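Heads up: take any position in the sequence shown, counting from 1, add 61, and you land on this note's numbering.
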Amino acid sequence: DIRYVSAYNNNLMFYSDLQNNRVCSVIGNGETRFDYKNDDKLKGAAGLILDESKNVYVCEKGANVIHVLSKSGILIRKIEVCSNPTALSVSKNKKKLCIVGGGRHVTNMADIYISL
């Protein structure tokens, strides 16, 4: 169930697969670069964005965590955030993440200052 896609250029794309608990990176011809999937690591991969270094920020829906992956799919760190993060964006000055989360009838928003 692919819901979120982010592209660095025509030859590098990242997507999250909510149902299969994974984040993948593919190149222009469809070849998989990495497949970040492990039930202990990521449950409910939702929104994702890229930073200028091609690191991938992925919402883990239901776990209150953002996974930060290197461009090769290696976990760099986890950032604790608001309840049920589902989408995120980065500020123009690249110093703040805006996280959107919540449940069926509740929406939470939080700005997190971070070194991207």
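Even for Gly, the Cβ is constructed at its ideal location relative to N, Cα and C.
In this text, all values refer to a predicted model and were calculated from it rather than measured experimentally.
Approximately 6 angstroms separates the beta-carbon atoms of Y65 and A107; this is inside 8 angstroms, confirming the contact.
For the pair D62 and Q80, the Cα-to-Cα distance works out to about 5 angstroms. Under DSSP, C143 forms no beta bridge with any residue. In this structure, the alpha-carbon of G89 lies about 8 angstroms from that of M74. Of the candidates N82, G105 and D112, the residue whose Cα lies closest to the Cα of A68 is D112. With a beta-carbon spacing of about 6 angstroms, V161 and T147 fall inside the 8 angstroms limit used to define contacts.
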